[in-house]
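Residue -17 is where the sequence shown starts when you use this note's numbering, and the numbers rise one by one after that.
Following: one structure in structure tokens, then a few remarks.
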Amino acid sequence: MIPDPASAAASELNRSSSQDEAKSSGAVNNSEDESGNENRHKRGPQRRRKRPLKEAENVASKKTKSRRSGDRKDVRRRKCRHAEAVTLFDVITMGPSAMRVVIEGWTEAYAADRDASLLDLISFFIQCCGCKGVVTAEMCDTKGDSDAMDKLVDELVEDLDEVASLQYKKFLAFPWILTVTWPTDADSLDYPLIQPGPYGRWFHTELCDFVSVLVRQCQHSLLFDNFLVNTLISLLSELSDSHVRAFRHTCTLAAVKLLSSLVDVALNLSTSVEESQKLQQVQRPSRQKAQGERAQQKMKELLEKRAEIESMMDAIFKAVFLKRYRDVLPEIRSICVEELGLWIRLYSSVFLKDTYLKYMDWMSYDKIPDVRLRCILGLQTLYGDPLLLPQLDLFTSRFKDRMISMTLDKDNEVALQTMKLLLLISKTCEDALSSDDYEALLQLVYSSQRPLAAAAGELLFLRILSADDPAANSQEGIIQGESHQRKTLRRLKALLDFYHNSKLHNHVVYLVDSLWDCSGALLKDWPTITSLLLQDLSPGTGFTREEELALVEIVLASVRQASEGPALAGRNGAKKMMSSREKKVQVDDCAKLTQHFLWELSNLMTKFSGRWDIVASLMRIPQYFLPESPEALNTQMVSRLLAEIGLVLEGHSGTDVLEAASRTFLSLCGEETTWGSTARPARDSMVQSWVDHLKDLLTDSFTDGILSADEVQTEDILVTLKKLRAFHNCHDLSGWNLFDLLSPLLPVEGSQEELPPQVLKEVLQCLCYCVFWSLSKSGETLTSRDKAVSQRLQLRVLSEASHRCLSHPDHSVRQQAFLGVCDILTAHSSQRQAWHPTSCGPLPYTPTPKLQMALLHFVCKNVFVGPDCDHDSKACLSSEEEKMEKLHKRRIMLAAYCKLILHGVLEMSTASDIFTFYVKHHNDLGDIIKETIHRCRLLDKLESTRALVLSLQQLFVRLKREQEGAGSAHVHLGVQTFAGIKELARRFALTFGDPVKYRECLVLIHRSGIEFVFRDFAGSSLAFLPYLIILAEFSGKLLKPDKRTVLAYLQKHVPNLKEVQRQPLLLYRGSLLAEGDDDASHGRSNAAKNKPERSPSPTDPRIENRSNKMTRTPDPVVSRPPTQLNATTSDGDEDDEAAVEVEL
């Protein structure tokens, strides 16, 4: 409690306080152990010694008097005294029932002693702010003097006492002037309202309940005494205006909840007014005059009370809300906008005006997503009430554009709730959104966020698909079925029109996924859709060719959705786990689609057998069949379906059709499937017919390594190779020995006759698949060394042929040869690493040096090219899609080459050529190169570091050579500027995260760099001296002991280091000087005494000209070092190497 210093002697509450509280001069420490001190005071007399007889008699007489006075009090007064044993802040921990009892006792205490009880309530709010300081109260004696009151208000401050390390806030809570003092180290970052975990949420709820119960208990009497509410408003408004976050946050919440509770009181008064009016209307005429005056008097009192409550609400709104709705703390802004929506919805007669609605509009532009979300949720409650809609027309017309733009909000939840708000508006206000607005909103069915796309799909279903057809009246029997078919046809036509008119996305699976939750019955009505596709409708009512194709894609997407669920690539927000009910629905849908399409799919394929695009989609449907379906036992229907697929493959050889057929046979031929025994013989029969046909063609047209075939035969060979390649991708066709059949078609060295590019490409792909299946089946096939030797021979033959194809004039052949040889070499290395050395496994195979150089040359020529121009045609790409496709192919080729390095097929030093392009192609290929650096470092830290060093040295030498040949016409396009090399070194330095972990690597970089620069120092050649500027980028990662060691190593290479006054050397030496090192210890004291010549500036032409190019120097001979850069050191350098030894 906070005692009043002006009436401390006269107050009954202060007379019952302890002696320590009486001596505190009105200052109370609001700590948590206050109740503990009271309990110790109560237990104190029990621990004292026995009193004398006279004292015992006096005590007995006092007890008798107190008992007589206590008998005159009722039971509720005893309960109030029991409630006063604890503070109001402790009531929060007791639950709602105890809260009501204690607040009821507090109201009785307030009636008896208003000042003391009100001070207890003030102490409660200050304690809720987490304040552990002292609160001092003093009476304000300027009640009648307004000038003195204004002067007093101006003197009330909130300041910091740095000497005493205390903060204090002095403010007016009439009739007191309160001063709150707390330590400066007790910052407002740990108050109850923001405690982590459930405690913070629980305290928020309990504080709001306390304010609500307090107002509810006082709504009939104390609320209108012109003292309680005014004091609370003054207290909360002053504390909510504090610069202390705890006061501002807690008291703003209490103030807005106080206003919300007053709104409930005003609603009760309005209800009472309406009841009084109704009662006055139904009264008898004879008694109307007598009771009319009483009813009018009661009505007047109710209206006065309501007006007083509204004035209180207006005071809180102006004193708290208008200042805090734009507070710097987002939690406070969220509280304000949330409560404002509640006020507008509950008390619309006062708050449903543009004066208050404008704040909802303004808060929707807040930069914090939670504030915008609270604003949208508040508007949802307003538009969900039909009684409020007529008054929201003006606000809707003004706020509509902002709501539509918020569907693209960067926060997913805000965008989702905004879409739900617009969906609610479209349901309740028909003319609120225009056709252009709907067009913009319906495009969100292709959003990457599934909840937002599903909400847009619901809007699409409500706007387009759910409109009733007045002509489709259900009658009886077959007429009802025809009505359902017409209704489905109309909805499908509307859906297809939307899909074609949107022209935004080509993948119908996203549209189906968006509509799945709201119109799943339409999308899963496969019998009706199939019957519509099989019917020959009239041109006016039927489907066009484009609509048939889109409808078949919709059927395929719905089948996939029913079988696999809403997991789509590129779309987030779907549920990761399905419930048992959802799993049961999924199994039932799979059984239904299997039962239906097993009978009807062959009919659809027969009708659309001439259209490869529709057939390719239809042949993917069996991939989603349920293997445990009872219809799978009907081998006749399965055989019919497989026969129809075989007939389609005879007429179509497109990539989509062949791939779909191959994957469908893969799912049907599984060991666990019921129809596998029927599908496997059908597949083997088809493959055998293709192999026999290819043998016949090659026998007739291929003799002595020369293909002498006309166009028809060549096309027939190409079609057969495509079929074998597509099926060999998914199925093991090793039993047909395709490698021996196709390997003679490969080009040989010195041969002038070559296959057509398309045929050669298909041959390379088929042979790659043969090697892949051979490697994957090594555990079953390699039972002897002869078979392992045969496998390695196949690998060597294909590698040599691919090497020759890397120089083929056709780009597709070169690309296929590169990817094929990279993949088979990577697969072979992976198999070798996984195989046990003692068992019979794949024999080692190492690509020849010529092949390694050819692969590196191919990567540098075809991957690291300009992003805007095609390297082959030297023509700019015409569209953005072609650019992306080109970039995708470049990334695939780079990743294939990097896998060779990571799997040990190529030496790690070959990665240096790739690392040189890290900065130049950082936007397109930087992530792949960075990951390669990381993986190489995990394999071998020192070797990967040597590769980085080698890449920097190669770029530096190329730059020098270009400068030396600047006068010639030949200029190397891959040469980077000096600034680019320095930036590359900086990026490399950033990859070394922990200096302690990579300590040895960093020292190796500096040692190699010093040796590279001063290799010819004895001959007074300093051509490579600017390389030290590049090397200085790694100095920041060195530890202090390593900096001194590297500096000593530098001095050994340059004995007269203090006399060499070159700018690169000075910069590098300065980067090695650790903080706090003495310059004299590094040989710089003599240089300070004897003033040297002016060192050249960074722009000196002796070091670097204006175009960031170095001066001419003798052409050094720099070749790729072996695996150890310093393996060729002389005996005299052993001491130098020992000097830079790193102790790990």
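For each residue, glycine too, the CB sits at the ideal point set by N, CA and C.
Handout entry: Distance between V673 and S789 (C-alpha atoms, nearest Å)
Key = The alpha-carbon of S789 is positioned some 30 Å away from that of V673.
Handout entry: Beta-carbon proximity list for A532, same chain, < 8 Å, skipping 5 on both sides
Key = So the list reads L478, Y481, H482, V490, once near-sequence residues are dropped.
Practice task
Find out if the Cβ-Cβ distance for the pair Q1127, W498 is shorter than 8 Å.
Solution key: Since the displayed the chain opens at -17 and closes at 1126, residue 1127 lies outside it and no answer follows.
Practice task
Assign D365 to buried or exposed, taking buried as 16 or more other Cβ atoms, counted over all protein chains shown, within 10 Å of its Cβ.
Solution key: Residue identity check: residue 365 is Tyr in the sequence provided, not Asp. Of the other Cβ atoms in all chains shown, 16 or more fall within 10 Å of the Cβ of Y365; this residue is therefore buried.
Problem - Local conformation of Q431 per DSSP, three classes - result: Looking at Q431 - three-state DSSP - the assignment turns out to be strand.
Practice task
Work out the CA separation of F71 and D102 for me, nearest whole Å.
Solution key: The straight-line gap from Cα to Cα measures roughly 9 Å.
Problem - Residue environment, A91, which counts as buried when at least 16 other CB atoms sit within 10 Å - result: Buried.
Handout entry: N554 - partner residues in DSSP beta bridges
Key = N554 pairs with Q431.
Practice task
Taking D595 as the reference, give the member of A539, D393, E528 with the closest Cα.
Solution key: The shortest C-alpha separation from D595 is found at E528.
Handout entry: CA-to-CA distance, E546 to D1024, given in whole angstroms
Key = The straight-line gap separating the alpha-carbon atoms of D1024 and E546 is approximately 58 Å.
Exercise for the section: Report the rounded CA-to-CA distance for K402 versus I386, giving the unit in angstroms. Expected result: If I take the Cα positions, the gap works out to 11 Å.
Practice task
Taking M866 as part of the alpha helix (DSSP H), name the residues at either end of that continuous run.
Solution key: DSSP places M866 in the uninterrupted alpha helix (DSSP H) bounded by 862 to 884.
Exercise for the section: Report buried or exposed for V418, applying the criterion of at least 16 other Cβ atoms within 10 angstroms of its Cβ. Expected result: Residue 418 is actually Asp in this sequence, not Val. Looking at its Cβ environment, which holds fewer than 16 other Cβ atoms inside 10 Å, D418 is exposed.
Practice task
Figure out for me which residue from L369, P433, P368 has the closest Cα to the Cα of T400.
Solution key: Of L369, P433, P368, the residue nearest in Cα terms is P433.
Problem - Inter-residue Cα distance where the pair is P548 and A614 - result: Rounded to whole angstroms, the gap between the alpha carbons of P548 and A614 is 26 Å.
Problem - Straight-line Cα distance separating A236 from V255 - result: CA-CA distance, V255 to A236, rounds to 28 Å.
Exercise for the section: Classify P78 as helix, strand or coil using the three-state DSSP reduction. Expected result: Judged by DSSP in its simplified three-state form, P78 adopts helix.
Handout entry: Residue range of the alpha helix (DSSP H) that includes L514
Key = In the DSSP assignment, L514 falls within the unbroken alpha helix (DSSP H) covering 508 to 516.
Problem - Nearest candidate by alpha-carbon position, reference K239, set R288, E188, K287 - result: Nearest of R288, E188, K287 to K239, Cα basis: E188.
Practice task
Indicate the three-state DSSP secondary structure (helix, strand or coil) for V226 in the structure shown.
Solution key: The answer is coil: DSSP assigns V226 none of H, G, I, E or B.
Practice task
Say whether the segment 386 to 395 touches the segment 351 to 366, bearing in mind that this needs 3 or more beta-carbon pairs closer than 8 Å, one atom from each stretch.
Solution key: Counting C-beta pairs with one atom in each stretch, the segment 386 to 395 and the segment 351 to 366 have three or more that are closer than 8 Å, which means they touch.
Practice task
Kindly confirm or deny that the segment 328 to 344 and the segment 360 to 377 touch, where touching means at least three C-beta pairs closer than 8 Å.
Solution key: The segment 328 to 344, when compared against the segment 360 to 377, does touch it at the 8 Å Cβ threshold.
Practice task
Taking 8 Å as the cut-off, decide whether the C-beta atoms of L825 and R778 are in contact.
Solution key: No; because the gap between Cβ atoms is not below 8 Å, this pair is not in contact.
Exercise for the section: Using the Cα positions of L869 and D906, report the straight-line distance between them to the nearest angstrom. Expected result: Distance between the alpha carbons of L869 and D906 is about 8 Å.
Exercise for the section: Assuming R82 and V193 form a contact by the criterion Cβ under 8 Å, report the distance between their Cβ atoms to the nearest whole angstrom. Expected result: 13 Å between Cβ atoms; not a contact.
Problem - Near the ligand ZN: E256 beta-carbon under 7 Å from a heavy atom - result: This structure simply doesn't include the ligand ZN, nor any ligand for that matter.
Handout entry: Sheet register partners of L689 (DSSP bridge)
Key = For L689, which the question treats as bridged, DSSP gives the partners F684.
Handout entry: C-alpha distance - Y329 paired with L471, whole-angstrom precision
Key = Here the alpha carbon of Y329 sits roughly 48 Å from the alpha carbon of L471.
Practice task
Report yes if the CB atom of P729 is closer than 8 Å to the CB atom of R786, and no otherwise.
Solution key: Their beta carbons are under 8 Å apart, which means P729 touches R786 by this criterion.
Exercise for the section: Any chance you could list the alpha helix (DSSP H) runs of at least 4 consecutive residues sitting entirely within the segment 229 to 301, in chain order? Expected result: Residue ranges of uninterrupted alpha helix (DSSP H) with 4 or more members, entirely inside the segment 229 to 301 and ordered along the chain, are 267 to 298.
Handout entry: Residues of its chain near V73, where Cβ-Cβ distance is below 7 Å and the 5 sequence neighbours each way are ignored
Key = For V73, where only same-chain residues beyond five positions count, the Cβ hits under 7 Å are A80, M81, V84.
Problem - Sequence-distant residues of its chain with Cβ nearer than 8 Å to T702 (five each side left out) - result: For T702, where only same-chain residues beyond five positions count, the Cβ hits under 8 Å are W672, H675, L676, L679.
Practice task
Please state whether DSSP places Q177 in a helix, a strand or coil.
Solution key: Here Q177 sits in coil by DSSP.
Practice task
Would you please state the rounded distance, in angstroms, between the beta carbons of S591 and G555? I believe it to be under 8 Å.
Solution key: Not confirmed; about 40 Å, so no contact.
Exercise for the section: Just tell me which of R356, D922, R940 has its CA closest to the CA of A397. Expected result: It is R356.
Exercise for the section: Can you have a look at H903 and say buried or exposed, based on whether 16 or more other CB atoms are within 10 angstroms of its CB? Expected result: H903 is buried by the Cβ-count criterion.
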